[in-house]
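Data first, discussion second: the structure below is written as structure tokens.
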Amino acid sequence: MASAEEIARAADRKDIRDRWLLSAPALIIIFVAAIGPLFVMLAYSFMVKGDYGDVKFGTFSLDGWTSVLFERDIFDDTLGLADAHLTILWRSVRLSFYTTVLTLIFGFPTAYFISTRPPKTREVWVFLVTIPFWTNLLIRTFAMQQVIRNEGLVNTALIQLGILDRPLQIMNTDTAILLGMVYVYLPLMVLPLYASMEKLDFRLIEAGYDLYASRWQVLRRIILPLVKPGVIAGSILVFIPSLGAYVIPRVLGGGKNMMLGNLIELQFGAGRNWPLGAAISITLMALVMVALLFYVRNVSRSEAGHG
Amino acid sequence: MAKRPFDIRAQPGFGFVALLTFFALYLPIAALVAYSFNAADSLSRWDGLSLRWFISAWQNSTVQDASIRSLVLAVWAAALSTVVATMAALATTRTPPYPGLTFKYAFINQPLMVPEIVTAVALLIVFSRIKVWTGYSGLGYLVLAHTAFCIPFAYLPIRARLEGMDLKLEQAAADLYANPWRTFRHVTLPLLRPAIIAGFMLAFVISLDDVVITEFVKSGGQDTLPTYMLGQLRRETTPEINAIATVFLALSVLLVTVFFFVNRRKP
Amino acid sequence: MGWSVPDRNAIEIRGVRKVFGAGENAVVALDTVSVPIRENEFFTLLGPSGCGKTTLLRLIAGFDYPSAGEILLYGDDIAPLPPFKRPVNTVFQSYALFPHMTVAENIGFGLEMLDRPKAEVKARVAEMLKLVRMEQLANRRTSQISGGQQQRVALARALAPQPKVLLLDEPLSALDYKLRKDMQIELKRLQGETGITFIFVTHDQEEALTMSDRIAVMSAGKILQVGAPRDIYDRPAERFVADFIGESNFLKGEIAGTAGGRATVRLSSGAEIPASLPEGFSPSGAVTIVVRPEHAQLAAANGDASLSGTVENVVYLGTDTHFHLRLDDGSPFIVRRQNSRGGGEGLTQGSRARVLIGADAAQVLKD
Numbered sequence: 001m002a003s004a005e006e007i008a009r010a011a012d013r014k015d016i017r018d019r020w021l022l023s024a025p026a027l028i029i030i031f032v033a034a035i036g037p038l039f040v041m042l043a044y045s046f047m048v049k050g051d052y053g054d055v056k057f058g059t060f061s062l063d064g065w066t067s068v069l070f071e072r073d074i075f076d077d078t079l080g081l082a083d084a085h086l087t088i089l090w091r092s093v094r095l096s097f098y099t100t101v102l103t104l105i106f107g108f109p110t111a112y113f114i115s116t117r118p119p120k121t122r123e124v125w126v127f128l129v130t131i132p133f134w135t136n137l138l139i140r141t142f143a144m145q146q147v148i149r150n151e152g153l154v155n156t157a158l159i160q161l162g163i164l165d166r167p168l169q170i171m172n173t174d175t176a177i178l179l180g181m182v183y184v185y186l187p188l189m190v191l192p193l194y195a196s197m198e199k200l201d202f203r204l205i206e207a208g209y210d211l212y213a214s215r216w217q218v219l220r221r222i223i224l225p226l227v228k229p230g231v232i233a234g235s236i237l238v239f240i241p242s243l244g245a246y247v248i249p250r251v252l253g254g255g256k257n258m259m260l261g262n263l264i265e266l267q268f269g270a271g272r273n274w275p276l277g278a279a280i281s282i283t284l285m286a287l288v289m290v291a292l293l294f295y296v297r298n299v300s301r302s303e304a305g306h307g
Numbered sequence: 001m002a003k004r005p006f007d008i009r010a011q012p013g014f015g016f017v018a019l020l021t022f023f024a025l026y027l028p029i030a031a032l033v034a035y036s037f038n039a040a041d042s043l044s045r046w047d048g049l050s051l052r053w054f055i056s057a058w059q060n061s062t063v064q065d066a067s068i069r070s071l072v073l074a075v076w077a078a079a080l081s082t083v084v085a086t087m088a089a090l091a092t093t094r095t096p097p098y099p100g101l102t103f104k105y106a107f108i109n110q111p112l113m114v115p116e117i118v119t120a121v122a123l124l125i126v127f128s129r130i131k132v133w134t135g136y137s138g139l140g141y142l143v144l145a146h147t148a149f150c151i152p153f154a155y156l157p158i159r160a161r162l163e164g165m166d167l168k169l170e171q172a173a174a175d176l177y178a179n180p181w182r183t184f185r186h187v188t189l190p191l192l193r194p195a196i197i198a199g200f201m202l203a204f205v206i207s208l209d210d211v212v213i214t215e216f217v218k219s220g221g222q223d224t225l226p227t228y229m230l231g232q233l234r235r236e237t238t239p240e241i242n243a244i245a246t247v248f249l250a251l252s253v254l255l256v257t258v259f260f261f262v263n264r265r266k267p
Numbered sequence: 001m002g003w004s005v006p007d008r009n010a011i012e013i014r015g016v017r018k019v020f021g022a023g024e025n026a027v028v029a030l031d032t033v034s035v036p037i038r039e040n041e042f043f044t045l046l047g048p049s050g051c052g053k054t055t056l057l058r059l060i061a062g063f064d065y066p067s068a069g070e071i072l073l074y075g076d077d078i079a080p081l082p083p084f085k086r087p088v089n090t091v092f093q094s095y096a097l098f099p100h101m102t103v104a105e106n107i108g109f110g111l112e113m114l115d116r117p118k119a120e121v122k123a124r125v126a127e128m129l130k131l132v133r134m135e136q137l138a139n140r141r142t143s144q145i146s147g148g149q150q151q152r153v154a155l156a157r158a159l160a161p162q163p164k165v166l167l168l169d170e171p172l173s174a175l176d177y178k179l180r181k182d183m184q185i186e187l188k189r190l191q192g193e194t195g196i197t198f199i200f201v202t203h204d205q206e207e208a209l210t211m212s213d214r215i216a217v218m219s220a221g222k223i224l225q226v227g228a229p230r231d232i233y234d235r236p237a238e239r240f241v242a243d244f245i246g247e248s249n250f251l252k253g254e255i256a257g258t259a260g261g262r263a264t265v266r267l268s269s270g271a272e273i274p275a276s277l278p279e280g281f282s283p284s285g286a287v288t289i290v291v292r293p294e295h296a297q298l299a300a301a302n303g304d305a306s307l308s309g310t311v312e313n314v315v316y317l318g319t320d321t322h323f324h325l326r327l328d329d330g331s332p333f334i335v336r337r338q339n340s341r342g343g344g345e346g347l348t349q350g351s352r353a354r355v356l357i358g359a360d361a362a363q364v365l366k367d
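Sequence lines, in order, name chains V, R and B.
Heads up: the first sequence runs through residues 1 to 307, numbered per the UniProt record's numbering.
Heads up: the second sequence runs through residues 1 to 267, numbered per the UniProt record's numbering.
Heads up: the third sequence runs through residues 1 to 367, numbered per the UniProt record's numbering.
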């Protein structure tokens with residue numbers, strides 16, 4: 001006869017097995033259509049490129065990886081494309097960084113403003129941030145184009161007011177990409193900031209004022225440290241998609257001002273260099289992982305500090 | 001001296017920046033919508049109000065096809081992802097930690113961690129080869145890809161809801177002779193319904209909005225509304241694209257609003 | 001008491017009103033309150049929740065502004081000063097310790113904000129840590145110390161900048177009974193050692209009686225009575241005060257005569273008893289008087305008595321015994337008698353009892 005202990009252990013085992021079965025469909029779908037292909041891509045990055053795209057299956061070459069940074073002939077005899085890669089890499093990192101800083105500069109006061117409204121109106125303000133958040137990214141990018149294009153809102157207004165006599169060329173510049181990314185990713189900064197500010201204990205702020213801290217000192221010494229997890233989360237949530245942006249630079253940057261996402265597309269399209277495209281993709285993913293790791297380390301540290 | 005109360009919550013200038021931000025968030029959308037009522041042939045001029053571009057978009061068979069494809073795809077992806085996400089959520093909540101639990105969390109949330117463009121080209125690599133091998137190039141690839149990246153979004157509200165649900169209710173059902181299936185059917189599922197609806201709607205919106213992965217996975221003639229618009233944006237655009245965007249926008253706002261109210265009505 | 005209480009006023013509240021909201025939703029939190037608080041005294045605002053005591057404290061701290069009236073700090077109106085410019089510090093009910101700082105950083109925060117030299121801050125923090133006996137925990141995070149220790153840190157933090165007045169908002173309410181008792185003594189000691197004026201808010205009458213030099217009893221936005229603990233307990237001026245602090249017997253009676261702050265009151269039983277009058281109050285006709293249970297005595301069978309009734313219940317409480325009586329006119333009356341070894345002669349449920357109210361036991365109430 002089975003002892004009580006054995007019965008319990010058997011029940012545990014069955015429970016765990018059931019839980020695996022139950023989660024299997026989700027895990028399989030994600031493996032087949034998300035994770036698995038990444039491994040295939042990793043393999044592709046070490047193969048020889050095919051003449052008309054794709055790869056020569058089963059071959060081995062480090063060309064894909066070396067061309068990420070080093071000079072190599074890609075369009076027949078065009079030289080110096082490695083410079084182009086570096087420029088694009090640098091543009092991606094730089095614009096993503098600026099985007100993060102700008103969304104923080106505008107998002108922080110916005111989130112603070114929302115969190116200090118009375119509870120009922122607060123919901124409405126949050127809702128107003130949520131709507132753009134869930135609106136199609138392409139449409140929001142397109143909306144930004146309506147504002148900054150040569151016959152767009154800004155230029156029309158400035159010319160009508162007599163401030164300009166010729167439209168300001170914003171479209172197809174880095175500035176256009178930056179404006180687009182700030183606009184599109186702003187809700188991603190505001191929402192996590194708001195989430196941490198909502199939990200802010202305003203009695204601590206009272207205590208700060210009671211102890212002679214000025215407005216600025218309260219902001220810097222009390223509010224900022226307390227909402228730091230939100231600042232980090234927001235920055236990561238903005239920085240990561242900025243780094244991998246594809247639609248925004250394509251629509252607003254106009255082909256010449258590429259970011260990593262567009263460079264990857266180029267290799268799988270006109271560039272016909274799949275191994276290189278795969279290698280750049282994995283590089284991009286690695287950059288994202290570094291950012292995520294930074295996040296995990298910072299959050300766990302600040303949580304340990306508070307816990 | 002004026003005795004204005006000292007507001008401990010106030011920070012100088014924050015209100016101004018916030019209102020500026022809200023203005024900036026909605027100005028471009030307003031411009032987009034305004035130009036969709038433009039009577040002119042091109043976006044460069046303003047010839048007064050008209051509905052001609054809405055009518056033109058409505059009659060454009062490519063737009064019709066793309067819209068229907070977008071909806072079909074979103075329904076499939078949302079339904080499939082919600083079902084498997086519900087199962088996964090049941091499997092990963094209300095349990096002491098067991099081997100593989102953290103692995104499952106990481107796995108399910110993986111699509112959120114990788115830039116879309118990377119997943120897109122990885123899928124391109126795999127699916128293009130499968131298309132050659134099998135000869136099948138239908139909507140299945142898009143359904144599969146969309147389902148995968150919708151799973152974490154559907155999973156999120158369902159898991160949150162389950163974690164807040166008292167296991168005692170199910171235990172009471174079991175105590176009253178309900179077998180596991182009937183317990184699920186009559187107790188768990190009804191309690192979980194708001195979260196499942198929320199998960200479905202999130203997944204639906206996410207699928208509907210996707211452009212990058214669709215762009216790389218689709219076979220010829222499989223444009224969805226977003227990929228169609230992306231293609232159009234490369235050319236000299238007419239206000240027709242604004243009209244399409246405006247309708248799309250209205251649909252999104254409607255969905256988000258419904259979601260907002262469904263989610264707020266907490267039992 | 002080892003220190004003197006000079007007559008100088010640290011704080012003077014003059015006709016302060018505070019109304020929250022407006023129109024139909026307006027709530028009067030403070031209804032024209034005036035009270036002077038002397039330098040170096042331990043002053044307690046006592047009352048049930050919602051009586052306005054915390055509001056008054058917040059007005060002094062500067063977190064709210066009075067709707068009318070003024071608050072003087074050593075003669076100067078502090079109304080125009082924001083909280084961070086008032087030389088007044090608060091010990092918050094929840095302590096409000098900064099979770100992202102250590103114990104020492106919390107204590108030094110105020111001095112740092114006052115731009116004191118680093119060396120001075122350091123020395124003062126060390127001094128404060130010693131004062132509250134927390135030297136060993138200086139570098140702990142505030143989330144890593146116990147409730148009682150957090151309480152001490154909150155105190156040290158508020159005392160460190162040497163405020164002119166220290167405000168304490170129910171600081172002991174979160175502690176358990178034993179710790180609360182210890183902290184009462186500790187607070188009293190700190191007040192003596194620092195010589196700072198303490199304004200202490202509590203709803204706990206026992207706490208108020210133990211610690212205060214003077215108590216202001218508040219109800220519904222008004223101060224009902226201000227006085228030393230003994231005055232408040234022995235000479236409550238109003239029914240609310242008598243009811244809120246300690247146990248009370250209320251008797252109806254009629255003024256038979258008054259003379260020099262004292263009155264003779266005729267009870268419904270016909271007996272006439274002497275009673276004290278509240279200051280500046282000379283009533284006539286029907287009045288209510290209050291008698292503390294321990295101030296009434298059970299009379300001998302053949303001696304003088306003011307009241308008589310039936311024993312309904314006898315409750316033994318260790319140090320003393322409560323006799324719950326039903327007087328002949330139907331009203332309840334409690335007599336408390338201290339127990340002595342071997343005592344406890346034969347009053348049991350149902351027996352007849354006679355009560356004697358001594359010369360100094362009764363007090364006439366204003367309402």
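All residues carry an ideal CB built from backbone N, CA and C; glycine is no exception.
> According to the Cβ coordinates, are T264(B) and S282(B) closer than 8 Å?
Replying inline: no
> What number of angstroms, rounded off, separates the C-alpha of Q160(V) from the C-alpha of F39(V)?
Replying inline: In this structure, the CA atom of Q160(V) is about 56 Å from the CA atom of F39(V).
> Taking the Cβ atom as the reference point for each residue, do Q349(B) and N313(B) lie within a distance shorter than 8 Å?
Replying inline: yes
>> Quick check: what's the CA-CA separation for R326(B) versus E238(B)?
In response: 24 Å
>> So that I know if they touch, is there some Cβ in chain B lying closer than 8 Å to that of F14(R)?
In response: False, the Cβ-Cβ gap to chain B never drops below 8 Å.
> In chain R, which residues lie with their C-beta within 9 Å of the C-beta of V124(V)?
Replying inline: What V124(V) touches in chain R: nothing, since even the nearest Cβ is about 10 Å away.
> Between F244(B) and the rest of its own chain, which residues show a CB-CB distance below 8 Å, the 5 nearest in sequence each way excluded?
Replying inline: The beta carbon of F244(B) is closer than 8 Å to those of L46, G47, P48, Q205, V217 and S219 in its chain, skipping five residues each way along the sequence.
> For a contact meaning CB atoms closer than 8 Å, what does A31(R) contact in chain V?
Replying inline: A143, Q146, V147, G152 and L153
>> Just checking: is the beta-carbon of T183(R) within a distance shorter than 8 Å of some beta-carbon in chain V?
In response: no
> Can you tell me the Cα-Cα spacing of V121(B) and G108(B), whole angstroms?
Replying inline: 6 Å
> Could one say the Cβ of D210(V) lies closer than 8 Å to chain B's Cβ atoms, at least one of them?
Replying inline: At least one CB atom of chain B sits nearer than 8 Å to the CB of D210(V).
>> Would P83(B) and F6(R) qualify as a contact pair, given that the criterion is a beta-carbon distance under 8 Å?
In response: A contact, by the Cβ cut-off of 8 Å.
> When the Cα atoms are used, what is the spatial distance from D360(B) to R266(B)?
Replying inline: If I take the Cα positions, the gap works out to 16 Å.
>> Mapping the DSSP letters down to three states, classify G50(V) as helix, strand or coil.
In response: coil
> If contact means a Cβ-Cβ distance below 7 Å, which residues of the stretch 232-266 of chain R contact chain V?
Replying inline: L233, A245, F248, L249, S252, V253, V256 and F260
>> Along the chain, where does the alpha helix (DSSP H) containing P229(B) start, and where does it finish?
In response: It spans P229 to D234 - the alpha helix (DSSP H) in which P229(B) sits, taken as one unbroken run.
> Which full runs of the alpha helix (DSSP H) of 4+ residues lie inside the stretch 235-314 of chain B, going along the chain?
Replying inline: 239-244
> Closer than 8 Å, CB to CB, is F6(R) near chain B or not?
Replying inline: yes
> Does the Cβ of V187(R) have 16 or more other Cβ atoms within 10 Å, making it buried, or fewer, making it exposed?
Replying inline: With 16 or more Cβ atoms within 10 Å of its Cβ, V187(R) is classed as buried.
>> Going by DSSP in three states, L211(V) sits in which element: helix, strand or coil?
In response: coil
> Which residues, in chain order, does the stretch 141-159 of chain B contribute to contact with chain V at a C-beta distance below 8 Å?
Replying inline: R141, S143, R157 and A158
>> Can you pull the chain V neighbours of M113(B), defined as C-beta to C-beta under 7 Å?
In response: Ordered by position in chain V, the residues that pass the 7 Å Cβ test against M113(B) are L211, Y212, A213 and Q217.
> So V125(B) packs on A158(B), CB below 8 Å; how close in whole Å?
Replying inline: Between A158(B) and V125(B) the Cβ distance is about 13 Å, and since that is not below 8 Å, they are no contact.
>> Is it buried or exposed, N106(B), if we count other Cβ atoms within 10 angstroms and call 16 or more buried?
In response: Flag for N106(B) reads buried.
> In three-state DSSP terms, what is F260(R)?
Replying inline: helix
>> Which same chain residues end up closer than 6 Å to G15(B) when comparing Cβ atoms and leaving out the 5 residues on each side of it in sequence?
In response: T32, S34 and G69
> From M101(B) to T202(B), what distance separates their C-alpha atoms?
Replying inline: 28 Å
> Of all Cβ atoms in chain R, is any one closer than 8 Å to the Cβ of T99(V)?
Replying inline: no
> Of all Cβ atoms in chain C, is any one closer than 8 Å to the Cβ of P118(V)?
Replying inline: Among the chains of the structure shown, chain C does not appear; the protein chains present are V, R and B.
>> So, under 8 Å CB-CB, L167(B) and I199(B) are touching, yes? Tell me the CB distance rounded to an integer number of Å.
In response: A Cβ-Cβ distance of about 5 Å is found for the pair L167(B) and I199(B), placing them in contact under the 8 Å criterion.
> Where R221(V) and Q191(B) are concerned, what is the direct C-alpha to C-alpha distance, given to the nearest angstrom?
Replying inline: 30 Å
>> Suppose you measure from the CA of K53(B) to the CA of F63(B); what does that come to, to the nearest Å?
In response: 14 Å
>> Using a 10 Å radius around the Cβ and a threshold of 16 neighbouring Cβ atoms, would you call V110(B) buried or exposed?
In response: Per the sequence shown, residue 110(B) should be read as Gly rather than Val. By the 10 Å Cβ count, G110(B) comes out buried.
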